[in-house]
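Numbering (this note's numbering), first residue to last: 694 to 1398.
To start, the structure under review is shown below, and the notes come after it.
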Ligand code: GCW
């Protein structure tokens, strides 16, 4: 009797300790591939019918990955794992290529290419089945993830008729990961590549990383930092990269490496890395041959040259095309490519925003066919908001790649909730000329925000930026709010009111950070080196264009960088219609105003306020928006599992403090240079300017090794 009572008390205790619904504690590791919550009816009933998966035998590793994911997903969502079957029984999911497609079903094979897929529900011999159809196994893998996404986002599974084909061929992550596992601009722990233990020991994360990327359709990854060490090209490191390539291959992901331009000197003992020197060319050829012996499907090289102290062809009086073409020649016999970055700037540039275009545009048409010039979204550096880069549309005879930053170097690291979907959307849809930026590019690269943190990205909401990058790289036409919605449904909850509320928070968050950091086209006001926090006063760095004062140019007379024909004339790098528009403040979008114009403090804004009053109002609005995010999130308690709710709430509290700090420090500083009183009713900064100036952050993360 006593034992019985004890057991009962024990059970009761266990029950009390379990979180509501006894769901396992969520730590974010499963990303958007949680497959936990059973979706509401009627979706649940439809899902429950998927008890058989029909597929070709013997299955390739890629097809096995697709089937495994479907089994895992359906098992998680319904509690019952489907079995493989040869028969199209009622409710079956059928993975079909032209080789095993059922007779009499018309499918648009010719339009699907290598990676596209179709999801279609239909009746076959009286049975209701779902076809996942593609030309290749990797297409089936993408289709399987698409079906699981549809299942979790409330799409009617009994009436599926979807076709998806990627619009941009190369969709890559760029890891700025160093060989010692530090990550330049990384805010999510250490590098997930355990170089020391590779190739012998394979962390389970590598496969989960590949699943996450494949679920978005990403098809390449550059493993190491563009500030590259030559060591990554040595035989031991190639063996390590090959081990990762082996894990990623079934998931359709190719491995690429950042290459250090001076490697022939550092590794090969040559006296030069001159791209026109025959011995240098021979060295790279031999290196490429060696790489392809080790990694037969190697993607190619990413190169940062003659930028921020990296070696490059200009060290030998050659140009970027000479450098890129030499590497391209070595890779071409193997089908490899070179991504050559256009992020360059020299100490003597009169306007740093103009340098990339000035160096690269004249080389249009001079790059080899397998070179892609990789251009950041804006001409400065991943700011909260930048106008689109003037190189888009300006190099019609050169394949271009768009480089976006997923890690938030200038947007509050992984502490601030900033959903980058709207930023990505803004640049992808910008129209440099008749076509959008998305239509001008053949590749899209995102600087990764992945690390060893249990939740991968440093915070729950930062996962959404990885997700949005991948989804929008696959389909740049997707609206960022729709992408946010599907992410929330898979990651947090499918309860409609909660979903709406979280999506609203996410879409508002980007404008909020612009407001509290760099409103109205201001840029690069961040702290020296680490880029944490405000430092608009910094004016003593060695290079003019490292100083915030260089970018904002605030003084008694006004504020802003004059890039009009009266100033640096960088506007002339845009197509004529844009150049004309951007030449005059009245026709420049207000969001970019101080990027292109230096204007007096009493300049009249669209709101009717003076520029000074508008600037202060924007800073205030930014802080208020973060306050509103906190309130909205607090209202979601009970809809979100306790641990993640508390975690996000803690991050938002810090974000609000830091938004205030940004606002106060910037207003204090700009007031000190404008000499103007604060507009009536505005709260004065909490502390004197010198207190903000005195802050130091010697151990801020993300500086790399
Ligand atoms: O300005 C920057 C970052 C650097 C980065 C560089 C680049 C990898 O602050 O950390 O270096 O851009 O994109 O090359």
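Just so it is clear, CB atoms sit at the ideal spot from N, CA and C, and this is done for glycine as well.
Bear in mind that the values here come from a model prediction, so they are computed numbers and not experimental data.
Original post:
Apart from the five residues on each side of it in sequence, which residues of its chain come closer than 6 Å, Cβ to Cβ, to residue 1098?
Top reply: 1075, 1140
Original post:
Can you give the beta carbon distance from residue 805 to residue 815, rounded, assuming they're within the 8 Å contact cut?
Top reply: With a Cβ gap of about 17 Å, residue 805 and residue 815 do not count as contacting.
Original post:
Measuring CB to CB, does residue 1137 end up less than 8 Å from residue 831?
Top reply: No, they are not a contact pair.
Original post:
Which of helix, strand or coil does DSSP assign to residue 1122?
Top reply: helix
Original post:
Hey, residue 1184 and residue 727: beta-carbon distance below 8 Å or not?
Top reply: yes
Subject >> Reference residue 718, options 1351, 1390, 1339, 1363, closest by Cα >> reply: 1339
**OP:** Report the residue from 960, 1033, 912, 940 whose alpha carbon sits nearest the alpha carbon of residue 925.
**Re:** Closest option to residue 925, Cα to Cα, is 960.
**OP:** List the endpoints of the continuous beta strand (DSSP E) containing residue 915.
**Re:** For residue 915, the uninterrupted beta strand (DSSP E) segment begins and ends at 913 to 915.
**OP:** Please determine, among 1092, 1203, 1069, 1090, the residue with the shortest C-alpha to C-alpha distance to residue 1083.
**Re:** 1069
**OP:** If I'm right that residue 827 touches residue 790 with Cβ under 8 Å, what's the distance once you round it to whole angstroms?
**Re:** 6 Å
Original post:
Pairing CB atoms from the segment 1212 to 1226 with CB atoms from the segment 1277 to 1289, are three or more of them under 8 Å?
Top reply: yes
Original post:
Taking the C-alpha atoms as reference points, what is the distance between residue 1202 and residue 1087?
Top reply: A straight line joining the alpha-carbon of residue 1202 with that of residue 1087 spans about 32 Å.
**OP:** Give a single yes or no on whether residue 1045 has its beta carbon closer than 7 Å to a heavy atom of ligand 1.
**Re:** no
**OP:** Could you have a look at residue 1045 and say whether DSSP puts it in helix, strand or coil?
**Re:** helix
Original post:
So what's residue 1069 in DSSP terms, helix, strand or just coil?
Top reply: Three-state result, residue 1069: strand.
Original post:
Would the beta-carbon of residue 918 be found less than 7 Å away from any heavy atom of ligand 1?
Top reply: yes
**OP:** Measure the alpha-carbon distance for residue 724 versus residue 1023 and round it to whole angstroms.
**Re:** 39 Å
Original post:
Within the present structure, is the beta-carbon of residue 955 separated from the nearest heavy atom of ligand 1 by less than 7 Å?
Top reply: Because no heavy atom of ligand 1 lies under 7 Å away, the Cβ of residue 955 does not count as near it: no.
**OP:** Starting from residue 810, follow its DSSP beta bridges and name the residues at the other end.
**Re:** 857
Original post:
Counting Cβ pairs closer than 8 Å, one from the segment 1283 to 1300 and one from the segment 1256 to 1264, do we hit at least three?
Top reply: Segments in contact, yes.
**OP:** Under 6 Å Cβ to Cβ from residue 1118, same chain only, skipping five residues before and after it: list those, please.
**Re:** 1173
Original post:
Between residue 694 and the rest of its own chain, which residues show a CB-CB distance below 7 Å, the 5 nearest in sequence each way excluded?
Top reply: Residue placement at residue 694 is poorly supported in this model, since its pLDDT is 43, which falls under 50; the coordinates still yield a value, given next. Take residue 694, set aside five residues on each side of it, and no residue of its chain has a beta-carbon closer than 7 Å to its own.
**OP:** Take residue 866 as the anchor and find which of 919, 836, 882 has the nearest alpha-carbon.
**Re:** With distances taken between Cα atoms, residue 866 lies closest to 919.
Subject >> Backbone secondary structure at residue 1227 - three-state DSSP >> reply: strand
Original post:
Terminal residues of the continuous beta strand (DSSP E) containing residue 789?
Top reply: 786 to 789
Subject >> Beta-carbon proximity of residue 1390 to residue 1133, cut-off 8 Å >> reply: no
**OP:** Kindly identify the DSSP beta-bridge partner or partners of residue 894.
**Re:** Looking at the DSSP assignment, residue 894 forms no beta bridge with any residue, so it has no partner.
**OP:** Tell me where the alpha helix (DSSP H) around residue 769 begins and ends.
**Re:** 754 to 771
Subject >> Between the CA atoms of residue 1365 and residue 1251 - distance to the nearest angstrom >> reply: 12 Å
Subject >> Length of the line joining the Cα atoms of residue 1210 and residue 1150 >> reply: Near 22 Å, if we compare the C-alpha coordinates of residue 1150 and residue 1210.
Subject >> When 1090, 989, 810 are compared against residue 1064, the one with the closest alpha-carbon >> reply: 1090
Original post:
Where do the N-terminal and C-terminal ends of the alpha helix (DSSP H) with residue 823 fall, by residue?
Top reply: Counting along the chain, residue 823 falls outside any alpha helix (DSSP H), though it belongs to the beta strand (DSSP E) covering 820 to 826.
Subject >> Cross-strand partners of residue 1136 (DSSP beta bridge) >> reply: 863, 1094
Original post:
Considering only residues of the same chain and omitting the five flanking positions on each side of residue 1348, which have a CB-CB separation below 7 Å?
Top reply: The residues are 1105, 1108, 1109, 1110, 1319.
Original post:
Just checking, does the segment 968 to 976 make contact with the segment 923 to 941 on the three C-beta pairs under 8 Å criterion?
Top reply: Between the segment 968 to 976 and the segment 923 to 941, the count of C-beta pairs closer than 8 Å stays below three; the two stretches do not touch.
Original post:
Within the present structure, is the beta-carbon of residue 1022 separated from the nearest heavy atom of ligand 1 by less than 7 Å?
Top reply: It does not: the Cβ of residue 1022 is nowhere closer than 7 Å to a heavy atom of ligand 1.
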